[in-house]
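Taken in sequence, the protein lines are chains A and B. Per this note's numbering: the first sequence = residues 1 to 81. Per this note's numbering: the second sequence = residues 82 to 357. A virtual CB, placed ideally from N, CA and C, is assigned to each residue, including glycine. Fair warning: this is a prediction, and the values are worked out from it, not measured in the lab. Working notes for the structure below.
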Amino acid sequence: MIWQIDLAVLILVLICAVGALAVKDLMGAAILFGAYSFLMCILWAVMGAVDVAFTEASVGAGVSTVFFVAAVFRTSRRSKD
Amino acid sequence: MKALALAIVALVGGLLISATVDFPDWGDPASPAALHVSPRYIEKTMEDTSVPNIVTSVLADYRGFDTMFETTVVFTAGVACFLLLRRREPRPGPSRVYRHRASGVIVEMSQAPDTEPAPEVFKRIDDDWTPHDLIVMNVCRLLIPFIQLFGLYVIAHGHHSPGGGFQGGVILGASVILLALSWDLRTASLRMREVATGLMSAIGVFIYAGVGALALAMGGNFLDYAALAPILMVDPVAARSLGIFFVEVGVGLAVMATMVLIYKNLASEGRLDQGL
């Protein structure tokens with residue numbers, strides 16, 4: 001891939017990772033984590049690991065985000081610390 | 082304390098980043114990982130298993146033992162979720178809301194009834210119910226069969242294209258979760274009951290281990306699908322390809338059922354009566 005796009009995706013991955021840790025709203029953290037997984041999926045696909053990218057897209061970005069959202073709905077939404 | 086933690090994180094992170102400089106280049110044919118067994122897989126996979134997708138053949142054949150226990154891990158995660166979250170006692174709070182199907186009248190019962198009213202006459206409504214969007218409900222209803230078809234394709238076509246049991250199973254499970262999200266949890270539970278999810282995730286692991294044990298009984302090694310050739314009435318190479326397919330079906334079953342099981346328990350606080 002064009003290295004500029006590669007760099008942009010990498011920076012977005014970092015932003016999503018730090019954001020998911022820093023955000024106080026747990027729902028926002030879950031969404032950011034999903035976005036992180038999807039960007040990682042793009043990176044796997046760029047590196048030629050299509051099977052891993054597929055798994056990352058379905059498990060990481062898909063189902064685990066739903067699990068997080070379901071868990072957040074059943075707990076308090078904002079983190080105390 | 083926070084500053085100390087940040088300093089430690091920065092130090093360890095810096096060390097890790099500086100260590101990556103010593104890594105072999107991306108795609109370097111002389112890297113240690115590419116020198117040991119990789120050439121054998123790349124050269125012999127077609128000869129050994131007649132599977133074009135090397136990743137699938139490594140995952141389910143050469144390294145089949147690993148994948149069997151990965152499936153077991155998924156199964157164990159589902160069992161753990163069930164044991165931790167599942168609750169038998171009904172939801173606290175006495176009132177329940179029903180809609181009379183024929184007239185559309187909403188009935189609120191101040192006491193939880195001893196026996197549920199007949200579901201074909203009264204439809205139970207979630208406590209935090211919002212009117213369902215007609216477009217979302219019907220688009221999801223139309224989409225779900227195609228999602229499931231794609232999931233089956235991913236499981237069965239893992240030999241030739243990216244995919245396999247894990248991805249296909251997750252897609253199949255996600256289709257049931259989509260039904261629970263767009264309609265309600267009870268509708269999805271009618272399609273896939275709790276007993277079915279538990280049984281299917283156990284049967285998936287059983288299929289995987291059973292194929293391995295069958296190979297053992299036929300005189301081969303555990304998970305050596307070539308030993309199944311006399312039963313399948315094909316040559317050993319095709320038997321390995323078919324054996325991969327059987328275990329992928331097992332993985333797909335286990336993963337699909339476990340995903341639905343975990344979602345149901347998470348979304349309904351283990352009561353399985355109403356969810357998101």
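Considering Cα atoms alone, identify which of the options is closest to residue i.
i	options	result
L166(B)	T339(B), Q355(B), G351(B), G246(B)	G351(B)
F326(B)	S131(B), P113(B), A115(B)	S131(B)
G356(B)	H238(B), A261(B), E151(B), I123(B)	A261(B)
D208(B)	N219(B), S176(B), G108(B)	S176(B)
L14(A)	A35(A), D25(A), Q4(A), I2(A)	A35(A)
I5(A)	F38(A), V46(A), G19(A), S37(A)	V46(A)
V160(B)	I225(B), M340(B), A183(B)	M340(B)
A255(B)	A84(B), I89(B), L230(B)	L230(B)
V188(B)	R274(B), F203(B), L92(B), I228(B)	F203(B)
H79(B)	L7(A), I11(A), T75(A), V50(A)	Here chain B comprises residues numbered 82 to 357, so residue 79(B) is not present and cannot be evaluated.
A20(A)	R74(A), I2(A), F68(A), A8(A)	F68(A)
G279(B)	T148(B), K345(B), A338(B)	A338(B)
S263(B)	M218(B), A283(B), P133(B)	M218(B)
K345(B)	D265(B), G293(B), G291(B)	D265(B)
L224(B)	L347(B), L259(B), P243(B), E201(B)	L259(B)
G62(A)	I252(B), L140(B), L96(B)	I252(B)
I343(B)	E201(B), M82(B), V257(B), A84(B)	V257(B)
T196(B)	V286(B), D316(B), P171(B)	P171(B)
F156(B)	P198(B), S270(B), A283(B), W107(B)	A283(B)
C162(B)	A115(B), P133(B), R180(B), E275(B)	E275(B)
S191(B)	A115(B), V178(B), K83(B), G185(B)	V178(B)
A17(A)	L39(A), F73(A), A70(A)	L39(A)
W107(B)	A22(A), G48(A), A71(A)	G48(A)
Quick one: is the Cβ of residue i within less than 7 Å of any heavy atom of the ligand ZN?
i	result
L21(A)	Absence of the ligand ZN from the depicted structure is noted, as is the absence of any ligand whatsoever, leaving it without description.
What is the DSSP secondary structure of residue i, reduced to helix, strand or coil?
i	result
V341(B)	helix
M190(B)	strand
V202(B)	coil
R274(B)	coil
D25(A)	strand
V178(B)	strand
R78(A)	strand
P171(B)	coil
P317(B)	helix
S349(B)	coil
N134(B)	coil
T196(B)	coil
L357(B)	coil
S256(B)	helix
S99(B)	helix
A141(B)	helix
A183(B)	coil
D208(B)	coil
S263(B)	helix
D6(A)	helix
S68(B)	Residue 68(B) lies beyond the range of chain B shown here (82 to 357); nothing can be said about it.
D214(B)	coil
M149(B)	helix
Sorted by chain position, which residues of the same chain lie with C-beta nearer than 6 Å to residue i's C-beta, five sequence neighbours on each side aside?
i	result
G245(B)	T137, G239, E329
R168(B)	G351, R352
L323(B)	L313
L297(B)	F303
G249(B)	G232, V235, I236, G333
I288(B)	G331
A84(A)	Given a span of 1 to 81 for chain A in the structure shown, any question on residue 84(A) remains unanswerable.
G60(A)	S37
P200(B)	none
Using a Cβ-Cβ cut-off of 7 Å (strictly less than) and excluding sequence neighbours within five positions of residue i, which residues of its own chain qualify?
i	result
F247(B)	V332, V336
Y143(B)	Y122
I135(B)	Y122, I123, T126
F146(B)	L304
L140(B)	T148, G245
Starting from the C-beta of residue i, find all residues in its chain whose C-beta is less than 8 Å away, skip the five residues before and the five after it, and write them out in chain order.
i	result
V52(A)	W44
A100(B)	none
V318(B)	E128, D129, T130, S131, A307
T65(A)	A30, I31, F33, G34, S37
R77(A)	D25, L26, M27
R267(B)	R205, D354, Q355
S349(B)	L266, Q355, G356
R182(B)	E201, V202, F203, K204
What residues from chain E crowd round residue i, counting only those whose CB sits closer than 8 Å?
i	result
R74(A)	In summary, chain E is missing from the structure at hand, where the protein chains are A and B.
At 3 residues or longer, what runs of the beta strand (DSSP E) sit wholly inside the region 282-306 of chain B?
Listed in chain order, nothing qualifies, since the region 282-306 of chain B has no complete beta strand (DSSP E) run of 3 or more residues.
Could you name each continuous alpha helix (DSSP H) segment of 4 residues or more that falls completely within the region 105-131 of chain B, going from the start of the chain to the end?
Fully enclosed alpha helix (DSSP H) runs of 4 or longer: 113-116, 119-130.
Taking contact to mean at least 3 C-beta pairs separated by less than 8 Å, is the region 17-32 of chain A in contact with the region 292-303 of chain B?
Too few Cβ pairs lie closer than 8 Å, so no.
Could you pull out every unbroken beta strand (DSSP E) segment of at least 3 residues lying fully inside the region 35-70 of chain A, listed in chain order?
Segments of the beta strand (DSSP E) lying fully in the region 35-70 of chain A: there are none.
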